[in-house]
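Just so you know, we're using my numbering here: the sequence shown kicks off at 180 and counts up by one. Report on one structure; see the data block that follows.
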Amino acid sequence: MRIYAIVAGFMAAIIAVLSLIISVPPLDDFNPYNPYWNGFSKLSSETDIQYLDSIIDERLIAEPSRHVLFIIGPEREFEKVEAEFIKSFIENGGITILMDESGSGNSLLRLLEVSPRLNGSLLLDPLFKDRAAVLPKIRIPSMNISEVVANYATTIDGCQKAIGYSSFYAFLDVNSNSIWDEGEPRGPLTVVCEIAMGKGKLIVISDSSLWINSMISRGSNFEFFKRLISNRRCLIDRSHWEPSKFAIVKESLNSFLQFFSQLEIRYAFIIGVVLVLLRLRLEKFIKYKESEVDKVLIRNPTWSREVLEKLWREMHSER
Numbered sequence: 180m181r182i183y184a185i186v187a188g189f190m191a192a193i194i195a196v197l198s199l200i201i202s203v204p205p206l207d208d209f210n211p212y213n214p215y216w217n218g219f220s221k222l223s224s225e226t227d228i229q230y231l232d233s234i235i236d237e238r239l240i241a242e243p244s245r246h247v248l249f250i251i252g253p254e255r256e257f258e259k260v261e262a263e264f265i266k267s268f269i270e271n272g273g274i275t276i277l278m279d280e281s282g283s284g285n286s287l288l289r290l291l292e293v294s295p296r297l298n299g300s301l302l303l304d305p306l307f308k309d310r311a312a313v314l315p316k317i318r319i320p321s322m323n324i325s326e327v328v329a330n331y332a333t334t335i336d337g338c339q340k341a342i343g344y345s346s347f348y349a350f351l352d353v354n355s356n357s358i359w360d361e362g363e364p365r366g367p368l369t370v371v372c373e374i375a376m377g378k379g380k381l382i383v384i385s386d387s388s389l390w391i392n393s394m395i396s397r398g399s400n401f402e403f404f405k406r407l408i409s410n411r412r413c414l415i416d417r418s419h420w421e422p423s424k425f426a427i428v429k430e431s432l433n434s435f436l437q438f439f440s441q442l443e444i445r446y447a448f449i450i451g452v453v454l455v456l457l458r459l460r461l462e463k464f465i466k467y468k469e470s471e472v473d474k475v476l477i478r479n480p481t482w483s484r485e486v487l488e489k490l491w492r493e494m495h496s497e498r
């Protein structure tokens, strides 16, 4: 009985931990299940978004002209084969949108052999802003959008076709002292850049957080998103993010539960549990029988084991 109590307690603890993992949302940036300020739960609920576990996806090959690929806040370096795949996707009519302010996206720009580069320094606007200078307002004249609110953005250097600008009063805070100093670039500065490639185009945006939960409703941010995707299907690359261990465990658990929700799997599991319980019951029965017979043989060593086991079976079959 003590063993059963320990096993029951252990199983209850496992169930409690799993329930906690399922109920607590992840905190990762851009995670579609993250309901907090840095998540993508609002964007995911408003639009039909699919996430890619690999940038090399057959959907991008089959119908490039019907898809928009978003690469948002990449944390991992891009491989040459990935860049070649993205380039082929764009040249065959696809649209790729790279969003980054840290400069990590420059590895992809170099591999694509295009001239624009993400600067990495902070863009500030003391006048045309939302609530603070780190939330500058961006104009996109070609889309008739006058107020996209950026969030700790940078600027784009070497852009030949700028389509999104800061105001004249914005500046690039190169030395990070939050004030303009002589020699620091002043506005209008490029925040959105378009590069034509074959039948498609690459769009670089120097801010990855335009559509996180805390920003999507500001200004014309969501309208900007809808204009970018038009009638295309939206794919977001998540293979270049560094997910937290909790997010990995939670996603694995969700995948298992989704797999387990299939009717055939549940029936197979129930049958398996019943068979295991029957086996344990049988083993216990055999061990109990042997222990009873052994006790008798210890007291009477000259008696026949075979006869005693036969008598034991007959006695228990009558019960």
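By construction, the Cβ of each residue, glycine as well, lies at the ideal position given by its N, Cα and C atoms.
> Could you give the distance in angstroms between the alpha-carbon of residue 215 and the alpha-carbon of residue 204?
Replying inline: 9 Å
> Which residue from 399, 235 and 385 puts its Cα closest to that of residue 277?
Replying inline: 385
>> Below 8 Å, how does it come out for the region 372-383 and the region 325-341: are there three or more Cβ pairs, yes or no?
In response: yes
> Should residue 362 be labelled buried (16 or more other beta-carbon atoms within 10 Å of its own) or exposed?
Replying inline: exposed
>> Short of 8 Å in beta carbon distance, which residues of its chain neighbour residue 300, apart from the five on each side in sequence? Order them along the chain.
In response: 333, 334, 351, 352, 353 and 355
> Taking only runs of the beta strand (DSSP E) that begin and end inside the region 211-290, which ones reach a length of at least 3 residues, in chain order?
Replying inline: 228-231, 246-251 and 274-278
> By the 10 Å Cβ neighbour count, where 16 or more other Cβ atoms means buried, how is residue 266 classified, buried or exposed?
Replying inline: buried
> Which term fits residue 320, buried or exposed, when burial requires 16 or more other beta carbons within 10 angstroms of its beta carbon?
Replying inline: exposed
> Applying the criterion that 16 or more other CB atoms from any shown protein chain within 10 Å of the CB defines a buried residue, is residue 240 buried or exposed?
Replying inline: exposed
>> Measuring only the C-alpha atoms, how far is residue 223 from residue 390?
In response: 10 Å
> Between residue 371 and residue 424, what straight-line distance do the alpha-carbon atoms span, to the nearest angstrom?
Replying inline: 33 Å
> What is the rounded straight-line gap between the Cα of residue 489 and the Cα of residue 450?
Replying inline: 32 Å
>> Quick check on residue 363: does DSSP put it in helix, strand or coil?
In response: coil
> To which residues does DSSP link residue 402 through a beta bridge?
Replying inline: Residue 402 is not bridged to any residue.
>> Going residue by residue through the region 289-352, where are the continuous beta strand (DSSP E) segments of at least 3 residues, counting only ones entirely within it?
In response: 301-303, 316-319, 324-328, 341-344 and 350-352
>> Counting C-beta neighbours from all protein chains within 10 Å, is the total for residue 467 16 or more, i.e. buried, or is it exposed?
In response: Bear in mind that a pLDDT of 48 at residue 467, under 50, signals an unreliable position, so the model cannot answer this.
> residue 237: buried (16+ other C-beta within 10 angstroms of its C-beta) or exposed?
Replying inline: exposed
> Relative to the C-alpha of residue 336, which residue among 409, 368 and 403 is closest?
Replying inline: 368
> Which value, in whole angstroms, describes the spacing of the CA atoms of residue 218 and residue 393?
Replying inline: 8 Å
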